[in-house]
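Residue numbers (this note's numbering): 33 to 267. For glycine and all other residues, C-beta sits at the position ideal for the given N, C-alpha and C.
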């Protein structure tokens, strides 16, 4: 699911507003547009530090640059999710079809665990996966460790497919662990360019619905017996 319009943009606006209230020397709309521009130009950078460096702190404000950037991060990742978000019907149908064919499905989701739980509950997807793992990035947890742990459940790496849009996170983790990897080149991180061989996925799809035909292909199907379809997302 592409969460940009439903989740990312509202969260980004709230983060900018929180930073302004805390002392960022900017107006809401210009801060939001600048954040978008900065993210498009360099998605690997800390966009909240970049906003502080660009706009500066309001005269008379006692907040430090580091604390102001932290305000933005917390507002973006730790938030109440709008209750009207919905899972695209093809996605739910795909998950059910894959499980009916014997595939084991695991969701590995990074961000604020509380926020991720809200999304999972609102979307009503708990029953669509064999298990769900929440990665708390703020505590130093990583998708690499989680996927490594899943492999420890008895899966051989060559029978596992890791699917996600973050080439610098789940795709890199899967490649380092020896699994098959599939990049979903759609949504917020579709413009991220690989900087290391581990960030280059074995396969790339533009829509999650294409995963079905990929798993039916002779190239992948002959290897993946009981795969892990790690549908990874970040707030």
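- Residue 160 counts as buried, since no fewer than 16 other beta carbons sit within 10 angstroms of its beta carbon.
- Note that the C-beta distance between residue 87 and residue 58 is below 8 Å.
- Closest by C-alpha distance to residue 204, out of 225, 241, 233 and 147, is 233.
- Residue environment for residue 120: exposed (fewer than 16 other C-beta atoms within 10 angstroms of its C-beta).
- Counting along the chain, residue 216 sits inside the beta strand (DSSP E) bounded by residues 212-216.
- Distance from the CA atom of residue 137 to the CA atom of residue 173, rounded to whole angstroms, is 21 Å.
- When 182, 197 and 151 are compared, the shortest CA-CA separation from residue 115 is found for 151.
- One Cα belongs to residue 246, the other to residue 157, and the distance between them is close to 23 Å.
- Out of 131, 184, 230 and 225, the CA that lies nearest to the CA of residue 75 is found in 225.
- The three-state secondary structure of residue 163, taken from DSSP, is strand.
- If only complete runs of 4 or more residues are kept, the stretch 152-206 shows the alpha helix (DSSP H) at 175-183, in order along the chain.
- Approximately 13 Å separates the beta-carbon atoms of residue 211 and residue 185; this is outside 8 Å, ruling out the contact.
- Shown here for residue 223: same chain residues with a beta carbon closer than 8 Å to its own, the five before and five after excluded, namely 72 and 75 in chain order.
- Taking a contact as a CB-CB distance under 8 Å, the pair residue 140 and residue 179 counts as one, their CB atoms being some 7 Å apart.
- The Cβ neighbour count for residue 104, taken over all protein chains shown within 10 Å, is at least 16; the residue is labelled buried.
- Residue 95 and residue 85 have their C-alpha atoms spaced approximately 14 Å apart.
- When DSSP states are grouped into helix, strand and coil, residue 79 belongs to the helix group.
- In this structure residue 134 is not in contact with residue 100, their Cβ atoms being roughly 51 Å apart against a cut-off of 8 Å.
- With a 10 Å radius around the Cβ and a threshold of 16 neighbouring Cβ atoms, residue 77 comes out exposed.
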